[in-house]
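Enquirer:
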Amino acid sequence: GNSVTQMEGPVTLSEEAFLTINCTYTATGYPSLFWYVQYPGEGLQLLLKATKADDKGSNKGFEATYRKETTSFHLEKGSVQVSDSAVYFCAGGETSGSRLTFGEGTQLTVNP
Amino acid sequence: NAGVTQTPKFRILKIGQSMTLQCTQDMNHNYMYWYRQDPGMGLKLIYYSVGAGITDKGEVPNGYNVSRSTTEDFPLRLELAAPSQTSVYFCASSYSTGQILAKNIQYFGAGTRLSVL
Chain A
13 GNSVTQMEGP VTLSEEAFLT INCTYTATGY PSLFWYVQYP GEGLQLLLKA
63 TKADDKGSNK GFEATYRKET TSFHLEKGSV QVSDSAVYFC AGGETSGSRL
113 TFGEGTQLTV NP
Chain B
634 NAGVTQTPKF RILKIGQSMT LQCTQDMNHN YMYWYRQDPG MGLKLIYYSV
684 GAGITDKGEV PNGYNVSRST TEDFPLRLEL AAPSQTSVYF CASSYSTGQI
734 LAKNIQYFGA GTRLSVL
């Protein structure tokens, strides 16, 4: 079956630092890939997505590129803010479209 | 602006008790899902539904039951609560069209934190 692996956390950064959270996937075919974010006390919400190889998803200064050759979808942001502190989940969608497979989640804490 | 609404937000159960976690959505989404999130772990799919009257098991269905009598509601039932069911439970929904991508963009409720003691 499909699987998604994220880098182990937690990650602690200072404000304005560069962020990378690694994500790799194993799937039959080429699934759509997603990053979801969970702010404290809330449910998950979609951050960005990519549907095919070399697609770049972006939102709120975050970016991720769908790399078929390395089966990766790493999340990056050039300058993090305290308000970016949250748990970030990488996810892959089944080609049938009915289910998502989530990674373990990475806790990000940004200190002022 | 309600989206996906879950009740209750918190609950403590004794071993062997039963309860129903409520989930309702007002976006006319066909697909609905129940996940559990254990500390330091990702989300595990318990059950999902592709429309009223249709449900299917996810990765971790044991100890749970669901029903989907309407498009809006997707309750999750715990019949005999066990300590292993202590977790945060999330309900989600997504819109089903002819496009696969739309099905993967899921909208989540705020969660129900359940402790079984």
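Chains A and B, in that order, give the protein sequences. Just so you know, the working numbering puts 61 at position 49 of the first sequence, and the rest follows in order with no gaps. Just so you know, the working numbering puts 739 at position 106 of the second sequence, and the rest follows in order with no gaps. Quick reminder that beta carbons are idealized off the backbone N, C-alpha and C, glycines included.
Residue 635 of chain B to residue 41 of chain A, Cα distance in whole Å?
Expert: Translated into the one-based positions of the second sequence, residue 635 of chain B becomes position 2. Translated into the one-based positions of the first sequence, residue 41 of chain A becomes position 29. If you take the alpha carbons of residue 635 of chain B and residue 41 of chain A, they lie about 36 Å apart.
Enquirer: Beta-carbon of residue 69 of chain A versus every beta-carbon of chain B: anything under 9 Å?
Expert: What you label residue 69 of chain A is simply residue 57 of the first sequence in a count that begins at 1. It does not: the Cβ of residue 69 of chain A has no partner Cβ on chain B nearer than 9 Å.
Enquirer: Since residue 762 of chain B contacts residue 704 of chain B with CB under 8 Å, what's their CB separation in whole angstroms?
Expert: Since the first residue shown for chain B is 634 and the last is 750, residue 762 of chain B is missing from the structure and cannot be characterised.
Enquirer: If you draw a straight line from the alpha carbon of residue 672 of chain B to that of residue 746 of chain B, how long is it in whole angstroms?
Expert: Within the second sequence, the letter at position 39 stands for residue 672 of chain B. Within the second sequence, the letter at position 113 stands for residue 746 of chain B. If you take the alpha carbons of residue 672 of chain B and residue 746 of chain B, they lie about 11 Å apart.
Enquirer: Quick one: which residues of the stretch 642-674 of chain B get their C-beta closer than 7 Å to a C-beta of chain D? List them in chain order.
Expert: No chain D is present in this structure, whose protein chains are A and B.
Enquirer: Closest to residue 647 of chain B by C-alpha separation, out of B/717, B/687 and B/676, would be which residue?
Expert: Start at 1 with the first residue of the second sequence, and residue 647 of chain B comes out as number 14. Ranking B/717, B/687 and B/676 by Cα distance to residue 647 of chain B puts B/717 first.
Enquirer: Under 9 Å, Cβ to Cβ, is there at least one residue of chain B near residue 115 of chain A?
Expert: The residue you call residue 115 of chain A lines up with position 103 of the first sequence. So, interface residue.
Enquirer: Identify which residue in A/60, A/70, A/29 and A/47 has its Cα closest to the Cα of residue 123 of chain A.
Expert: The count along the first sequence starts at 1 and reaches residue 123 of chain A at position 111. Residue 123 of chain A has its Cα closest to that of A/29, out of A/60, A/70, A/29 and A/47.
Enquirer: Taking residue 640 of chain B as the reference, give the member of B/651, B/649, B/683 and B/655 with the closest Cα.
Expert: Along the second sequence, one-based indexing puts residue 640 of chain B at 7. Among B/651, B/649, B/683 and B/655, the Cα nearest to that of residue 640 of chain B belongs to B/655.
Enquirer: Alpha carbon to alpha carbon, how far is residue 700 of chain B from residue 48 of chain A? Give it in angstroms, no decimals.
Expert: As a working note, residue 48 of chain A is residue 36 in the first sequence. As a working note, residue 700 of chain B is residue 67 in the second sequence. Spanning the two alpha carbons is a distance of roughly 27 Å.
Enquirer: Distance check for residue 742 of chain B and residue 638 of chain B, CA to CA, integer angstroms please.
Expert: Residue 638 of chain B sits at position 5 when you count from the first residue of the second sequence. Residue 742 of chain B sits at position 109 when you count from the first residue of the second sequence. Cα-Cα distance, rounded: 5 Å.
Enquirer: Strictly under 9 Å for the Cβ-Cβ distance: is residue 101 of chain A near chain B by that measure?
Expert: One-based indexing of the first sequence puts residue 101 of chain A at position 89. Interface residue, yes.
Enquirer: Name the chain B residues that come within less than 7 Å of residue 93 of chain A, Cβ to Cβ?
Expert: As a first step, residue 93 of chain A must be located in the first sequence, where it is residue number 81. The premise fails here: residue 93 of chain A is roughly 23 Å from chain B at the closest Cβ pair, so nothing lies under 7 Å.
Enquirer: Buried or exposed: where does residue 80 of chain A fall if 16 or more other Cβ atoms within 10 Å of its Cβ makes it buried?
Expert: The sequence position of residue 80 of chain A within the first sequence is 68, counting from 1. It counts as exposed.
Enquirer: Any idea if residue 750 of chain B is buried or exposed, counting beta-carbon neighbours within 10 angstroms, 16 or more meaning buried?
Expert: Taking the second sequence and counting its residues from 1, one reaches residue 750 of chain B at position 117. With fewer than 16 other Cβ atoms within 10 Å, it is exposed.
Enquirer: Assign residue 702 of chain B to one of three DSSP states: helix, strand, or coil.
Expert: Sequence index remark: in the second sequence, residue 702 of chain B carries index 69 (1-based). It is coil, neither helix nor strand.
Enquirer: Since residue 722 of chain B meets chain A, which of its residues come closer than 9 Å, beta carbon to beta carbon?
Expert: The residue labelled residue 722 of chain B in the question sits at position 89 within the second sequence. Under the 9 Å cutoff, chain A gives no residues; its nearest Cβ is about 11 Å from residue 722 of chain B.
Enquirer: For residue 709 of chain B, go through chain A and note every residue whose CB falls closer than 8 Å to its CB, in chain order.
Expert: Numbered from 1 along the second sequence, position 76 holds the residue referred to as residue 709 of chain B. Within 8 Å Cβ-Cβ: nothing; residue 709 of chain B doesn't reach chain A, min ~15 Å.
Enquirer: So what does DSSP say about residue 689 of chain B, is it helix, strand or coil?
Expert: Residue numbering aside, residue 689 of chain B sits at position 56 when the second sequence is read from its first letter. Of the three classes helix, strand and coil, the one that applies to residue 689 of chain B here is strand, per DSSP.
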